[in-house]
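Participant: Start counting the sequence shown at 0; every next residue gets the next number (numbering that gives the first Met the number 0).
Ideal Cβ positions, reconstructed from N, Cα and C, are used throughout, including at glycine.
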Amino acid sequence: MAKMTLDEIYALSEKTLMDNGCDAPNAAAVSRTITAAERDGSQSHGIFRLPAYIKGLREGDANGTADPTIEQVAPSVIKVHGQEGFAPLALERAKNPLVKLAKDQGIAMCGLTRIRHFAALWPEVEMLAEQGLVGFAVTAAVPYVAPAGGREALFGTNPMAFAWPRESGGVLAFDQAASVIARGDVMIHARDGHPVPEGTGLDKEGNPTTDGAAILDGGVQLAFGGYKGSAIALMIELMAGAMIGEVFSFEAKETAVPGCPFNGGEFLMAIDPSKTAGANFLAHGEKLLGKIENMEGARLPGARRHANRAKGGPVDVSDKILEAVAAL
Ligand code: NDP
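1) Is it the case that the Cβ atoms of Leu120 and Ala152 are separated by a distance below 9 angstroms?
2) Could you tell me if the beta carbon of Trp121 falls within a distance shorter than 8 angstroms of some heavy atom in the ligand NDP?
3) Rounded to whole angstroms, what is the Cα-Cα separation between Lys310 and Leu111?
4) What first and last residue would you give for the alpha helix (DSSP H) that runs through Thr275?
5) Can you tell me where the beta strand (DSSP E) with Lys78 in it begins and where it stops?
6) Taking 8 angstroms as the cut-off, is the C-beta of Ser229 nearer than that to any heavy atom in the ligand COA?
7) Along the beta strand (DSSP E) that carries Pro24, what are the first and last residues, could you check?
8) Can the beta-carbon of Ala329 be found closer than 9 angstroms to that of Ser273?
9) Looking at the structure shown, is Ser339 part of a helix, part of a strand, or coil, going by DSSP?
10) For Ile106, report the span of its beta strand (DSSP E) as first-last.
11) Please give me, in chain order, every unbroken run of the beta strand (DSSP E) with length at least 3 that falls completely inside the segment 210–248.
12) Identify which residue in Ala140, Gly263, Glu123, Glu245 has its Cα closest to the Cα of Ala162.
13) For Gly211, collect the residues of the same chain with a Cβ closer than 6 angstroms to its Cβ; drop the 5 residues on either side in sequence, then sort them by chain order.
14) So, using beta-carbon positions, are Phe85 and Gly63 closer together than 9 angstroms?
15) In this structure, what does DSSP give as the bridge partners for Trp163?
16) Could you check if Leu88 belongs to the surroundings of the ligand NDP, using beta carbon to heavy atom distance under 8 angstroms?
17) Does the segment 130–143 touch the segment 256–274, meaning 3 or more C-beta pairs lie closer than 8 angstroms?
18) When you measure from the CB of Gly155 to every non-hydrogen atom of the ligand NDP, does any distance come out below 8 angstroms?
19) Check Asp315 in the structure and name its three-state DSSP category.
20) So the candidates are Ala27, Ile69, Glu83; which of them puts its Cα closest to the Cα of Leu49?
21) Within a Cβ cutoff of 7 angstroms, which residues of the same chain sit near Val141, ignoring the five residues on either side of it in sequence?
22) Thinking just about the alpha-carbon of each residue, which of Val144, Val72, Tyr52 is nearest to the one in Leu100?
23) Are the beta-carbon atoms belonging to Met3 and Pro207 less than 9 angstroms from one another?
24) Identify the continuous alpha helix (DSSP H) that holds Val124 and give its terminal residues.
25) Would you check whether the ligand NDP has a heavy atom nearer than 8 angstroms to the C-beta of Ala181?
26) Assign Lys2 to one of three DSSP states: helix, strand, or coil.
27) Tell me whether the beta-carbon of Leu299 lies closer than 9 angstroms to the beta-carbon of Glu292.
28) By Cβ distance, which residues of its chain are closer than 7 angstroms to Asp22, with the 5 residues on each side in sequence left out?
29) In the DSSP assignment, find the beta strand (DSSP E) that holds Ala73 and state where it starts and stops.
30) Among all the DSSP beta bridges, which residues are the ones paired with Gly134?
31) Just to confirm, does Gly301 get its C-beta within under 8 angstroms of one of the non-hydrogen atoms of the ligand NDP?
32) Identify, in the order they occur along the chain, each residue of the same chain with its Cβ nearer than 7 angstroms to the Cβ of Ala75, setting aside the five sequence neighbours on each side.
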């Protein structure tokens, strides 16, 4: 492991992306996302992802000079045309119009289309909660997860994120894959030779396994919570696919370049609770959140990340990743 400051991570990411064909706005937006993941201790979406972003550029699958545009399609609905670029710039462009519409209308929705999403979802829901709004986001991927009872990969690992503004000015946020663990975590466990948790997946013969390499080698991942998580993965396919005019995970696979960030869409929604509940919603929310914070053994989702964030780095980065990035 090497120790790196967050500034060093940002600079390495930005230079590597620009050396491989990204323009400055795209390199900066992706690097902010990667650096934020490292800052928060979300290593599976930090610099670990940089080689795949670069592969997307080199294979001509991702557009490193995408200039995402916003189209207002209804009074409180916008569509972002991502131009096959990486999601972070498209999301940054969506922020102000979405926040304004949510504050005007009480609720606003955004379908991000033709993007390459390969990151955590908490940055986009937290950016909404930081503006006093409730944020909700879902995206699909490529098929890794079998529906409950099945053995064939159909769903993506399909994350869902939710954020709520805190009275203190901070945010509550959860962000979770519909699979037992994220794909990146299966890859990291396989790379480091550590077993994955029981229930994570099946090998290519359909047998339960804790060997991440066996899951990656023709096996499938499983949804969390059996058929209940499988239903959430199904909902996410519909919301990030058919509902916004984008592809399902199994359709994304038809044009996907293996190892590159996923092509497809993302659904993002912002709600202004002051419209539905009046000004007291913040204090009322704190009553519930405070009970969890004060309960022995319990914690709020996002608390681990926010504690890492407060440290501000430096962070440990795998030597293997740095070697791979240096070669790029
Ligand atoms: P985790 O299972 O690690 O965590 C899920 C959520 O649960 C987090 O908000 C986490 O907060 C919270 N949590 C964890 N432990 C506890 C606990 N003991 N008590 C209360 N809350 C807890 O995440 P996943 O592996 O499911 O997903 C990892 C990431 O992968 C996500 O950011 C997701 O967006 C991303 N992803 C992206 C995809 C894409 O296509 N772009 C595809 C699939 C996943 P905390 O972080 O503070 O621990």
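Facilitator: If we stick to the structure as given:
1) Within the sequence shown, the letter at position 121 stands for residue 120. Within the sequence shown, the letter at position 153 stands for residue 152. Their beta carbons are not under 9 angstroms apart, which means Leu120 does not touch Ala152 by this criterion.
2) One-based indexing of the sequence shown puts residue 121 at position 122. Yes, Cβ of Trp121 sits closer than 8 angstroms to a heavy atom of the ligand NDP.
3) As a position in the sequence shown, residue 310 is number 311, starting the count at 1. As a position in the sequence shown, residue 111 is number 112, starting the count at 1. Computed Cα separation, rounded: 33 angstroms.
4) Walking along the sequence shown from the start, residue 275 turns up at place 276. Looking at the DSSP string, the run of the alpha helix (DSSP H) that includes Thr275 is 272–276.
5) By 1-based counting over the sequence shown, the position of residue 78 is 79. Taken as a continuous stretch (DSSP letters only), the beta strand (DSSP E) holding Lys78 covers 76–85.
6) No copy of the ligand COA appears in this structure; the ligands present are the ligand NDP.
7) Taking the sequence shown and counting its residues from 1, one reaches residue 24 at position 25. No beta strand (DSSP E) holds Pro24; the alpha helix (DSSP H) holding it covers 23–38.
8) The chain is shown only over 0 to 327; residue 329 falls outside these bounds and no answer can be derived.
9) In the structure as shown, the chain begins at 0 and stops at 327. Residue 339 is therefore absent and cannot be evaluated.
10) By one-based count along the sequence shown, residue 106 stands at place 107. Run containing Ile106: 106–116, per the beta strand (DSSP E) assignment.
11) 219–221
12) By one-based count along the sequence shown, residue 162 stands at place 163. Of the candidates Ala140, Gly263, Glu123, Glu245, the one whose C-alpha sits nearest the C-alpha of Ala162 is Glu123.
13) For this step, residue 211 is matched to residue 212 along the sequence shown. Here the set comprises Val185, His188, Ala189, Val195.
14) The count along the sequence shown starts at 1 and reaches residue 85 at position 86. The count along the sequence shown starts at 1 and reaches residue 63 at position 64. Yes, Cβ-Cβ distance for Phe85 and Gly63 is below 9 angstroms.
15) Here residue 163 refers to the residue found at position 164 when the sequence shown is read from its first residue. In the DSSP output, where bridge partners are listed per residue, Trp163 has Leu171.
16) Numbered from its first residue, the sequence shown carries residue 88 at position 89. Outside the cutoff, so no.
17) yes
18) For the purposes of this step, residue 155 is taken as residue 156 along the sequence shown, with counting starting at 1. Gly155: yes, Cβ under 8 angstroms from the ligand NDP.
19) As a working mapping, residue 315 is identified with position 316 in the sequence shown. DSSP places Asp315 in strand when its eight states are reduced to three.
20) For the purposes of this step, residue 49 is taken as residue 50 along the sequence shown, with counting starting at 1. Measuring from the Cα of Leu49, the nearest candidate turns out to be Ala27.
21) Locating residue 141 in the sequence shown gives position 142, counting from the first residue. Correct list, in chain order: Gly155, Ser248, Ala251, Lys252, Ala255, Phe261.
22) Sequence index remark: in the sequence shown, residue 100 carries index 101 (1-based). Comparing Cα-Cα distances from Leu100 to each of Val144, Val72, Tyr52, the minimum goes to Val72.
23) Translated into positions along the sequence shown, residue 3 becomes position 4. Translated into positions along the sequence shown, residue 207 becomes position 208. Cβ distance not < 9 angstroms, so Met3 and Pro207 don't count as in contact.
24) As a first step, residue 124 is located in the sequence shown; it is residue number 125 there, counting from the start. It spans 121–128 - the alpha helix (DSSP H) in which Val124 sits, taken as one unbroken run.
25) Taking the sequence shown and counting its residues from 1, one reaches residue 181 at position 182. Yes; taking the cut-off as 8 angstroms, the Cβ of Ala181 has a heavy atom of the ligand NDP nearer than that.
26) Your numbering for residue 2 matches position 3 in the sequence shown. The answer is strand: DSSP assigns Lys2 an E or B state.
27) By 1-based counting over the sequence shown, the position of residue 299 is 300. By 1-based counting over the sequence shown, the position of residue 292 is 293. Yes.
28) In the sequence shown, the residue the question calls residue 22 occupies position 23. Gly63, Thr64, listed in sequence order.
29) Within the sequence shown, the letter at position 74 stands for residue 73. Looking at the DSSP string, the run of the beta strand (DSSP E) that includes Ala73 is 68–73.
30) Walking along the sequence shown from the start, residue 134 turns up at place 135. DSSP lists Ala162, Ala269 as partners of Gly134.
31) As a working mapping, residue 301 is identified with position 302 in the sequence shown. Yes - the ligand NDP has a heavy atom lying nearer than 8 angstroms to the Cβ of Gly301.
32) For the purposes of this step, residue 75 is taken as the residue at position 76 of the sequence shown. Before going on, a small fix: residue 75 reads as Ser here, not Ala. Around Ser75: Leu100, Gln104, Ile106, Ala107, Met108.
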